[in-house]
Amino acid sequence: MPDPISWEFAWPYLLAALAGGYLLGSIPFGLVLTRLAGLGDIRKIGSGNIGTTNVLRAGRKDLAAATLILDAGKGAAAALIAANWGPDMALTAALGAMLGHLYPVWLKFKGGKAVATALGVLLALAWPVGLAACATWLLVAALFRYSSLSGLLSVAAAPLYAWLLLGDLQMVQFATLVALLVWFKHDANIRRLLKGEETKIGQKPPEGRV
Numbered sequence: 019m020p021d022p023i024s025w026e027f028a029w030p031y032l033l034a035a036l037a038g039g040y041l042l043g044s045i046p047f048g049l050v051l052t053r054l055a056g057l058g059d060i061r062k063i064g065s066g067n068i069g070t071t072n073v074l075r076a077g078r079k080d081l082a083a084a085t086l087i088l089d090a091g092k093g094a095a096a097a098l099i100a101a102n103w104g105p106d107m108a109l110t111a112a113l114g115a116m117l118g119h120l121y122p123v124w125l126k127f128k129g130g131k132a133v134a135t136a137l138g139v140l141l142a143l144a145w146p147v148g149l150a151a152c153a154t155w156l157l158v159a160a161l162f163r164y165s166s167l168s169g170l171l172s173v174a175a176a177p178l179y180a181w182l183l184l185g186d187l188q189m190v191q192f193a194t195l196v197a198l199l200v201w202f203k204h205d206a207n208i209r210r211l212l213k214g215e216e217t218k219i220g221q222k223p224p225e226g227r228v
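Going by my numbering, the sequence shown opens with residue 19, and the numbers climb by one from there.
Written as structure tokens, this is what we have:
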């Protein structure tokens with residue numbers, strides 16, 4: 019196993035980890051899977067998003083499950099591969115995967131909302147935090163039936179879980195950054211939740227809604 023990065027000037031390696039994580043995170047699995055299945059461009063279905071929830075709206079639970087696993091998996095893979103060279107490399111690659119999913123160069127920087135990828139990186143970096151965040155998602159989804167609300171609350175709780183379960187300030191800071199990225203991408207959903215207009219799980223949103 020490679021030794022952790024310990025050079026005085028580590029920034030070239032951190033940039034490499036960021037770029038590698040970005041490229042891995044930018045793979046639009048939802049779009050790829052639906053096209054391979056003959057469903058066309060997922061961006062023209064339902065909300066137009068490339069993530070799990072919109073793939074589910076296309077009527078394929080199997081593809082939605084595969085999208086969820088792969089979107090989470092690419093975030094976890096980026097973190098775990100880079101972890102061979104130390105925790106800073108893992109955190110940097112995980113951030114790159116998040117940015118890649120949110121702003122993929124292949125799709126003119128119009129990506130998904132990164133909830134699954136966020137949960138994947140949290141599971142890889144600190145599995146107790148990731149499991150607690152996943153449990154929060156499931157609980158909120160079962161109670162309120164809003165995918166967006168589930169994602170928002172699960173990542174918002176992650177910094178608290180990192181502090182209570184690990185007491186790791188660096189992980190608290192990273193989880194906070196992840197939450198901010200996800201919340202920023204959900205700005206339209208937040209406005210609809212506040213107005214009581216958000217689409218519930220299993221419902222089809224008006225065309226063009228993101």
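Ideal Cβ positions, reconstructed from N, Cα and C, are used throughout, including at glycine.
Proximity below 8 Å, CB of residue i to CB of residue j
i	j	result
Gly129	Leu143	no
Ile99	Ala84	no
Asp15	Gly104	Because the chain spans 19 through 228 in this model, residue 15 falls outside it and cannot be assessed.
Leu81	Leu51	yes
Ala159	Ser165	yes
Leu42	Ala96	yes
Gly118	Gly39	yes
Val190	Trp181	yes
Ile63	Arg75	yes
Distance between residue j and residue i (C-alpha atoms, nearest Å)
i	j	result
Lys213	Ala34	43 Å
Val73	Gly114	24 Å
Leu141	Ala153	12 Å
Gly66	Ile60	6 Å
Gly220	Asn207	16 Å
Met1	Leu32	Nothing can be reported for residue 1, as the shown portion of the chain is limited to 19 through 228.
Leu187	Leu161	31 Å
Asp205	Ala94	25 Å
Trp29	Arg210	41 Å
Gly58	Leu149	34 Å
Ala176	Leu156	14 Å
Ala151	Ala132	14 Å
Glu215	Trp145	34 Å
Asn102	Arg163	39 Å
Leu233	Phe127	The first residue shown for the chain is 19 and the last is 228, placing residue 233 beyond what the model contains.
Local conformation of residue i per DSSP, three classes
i	result
Ala101	helix
Thr52	helix
Pro122	coil
Arg209	helix
Met19	Confidence is the limiting factor: at Met19 the pLDDT is only 46, short of 50, which leaves the residue's position unreliable, though a coordinate-based value still follows. Three-state DSSP puts Met19 in coil, outside helix and strand.
Arg75	helix
Ile45	coil
Ile63	coil
Leu57	coil
Thr217	coil
Ile87	helix
Lys128	coil
Tyr242	Residue 242 falls outside the range modelled here, since the chain spans only 19 to 228, and no answer is possible.
Gly38	helix
Option nearest residue i by Cα separation, candidates the options
i	options	result
Ala174	Leu199, Leu49, Leu211 and Arg53	Leu199
Thr217	Trp155, Ser172, Thr71 and Val123	Thr71
Ala37	Val190, Met116, Leu54 and Arg163	Met116
Ala193	Pro122, Leu109 and Lys131	Leu109
Met195	Leu178, Arg209, Leu211 and Arg163	One detail in the question is off: residue 195 reads as Leu in this sequence, not Met. When only C-alpha atoms are compared, the closest one is Leu178.
Rounded distance between the beta-carbons of residue j and residue i, thought under 8 Å
i	j	result
Leu184	Val147	7 Å
Thr135	Lys92	7 Å
Pro46	Leu125	6 Å
Ser44	Pro122	4 Å
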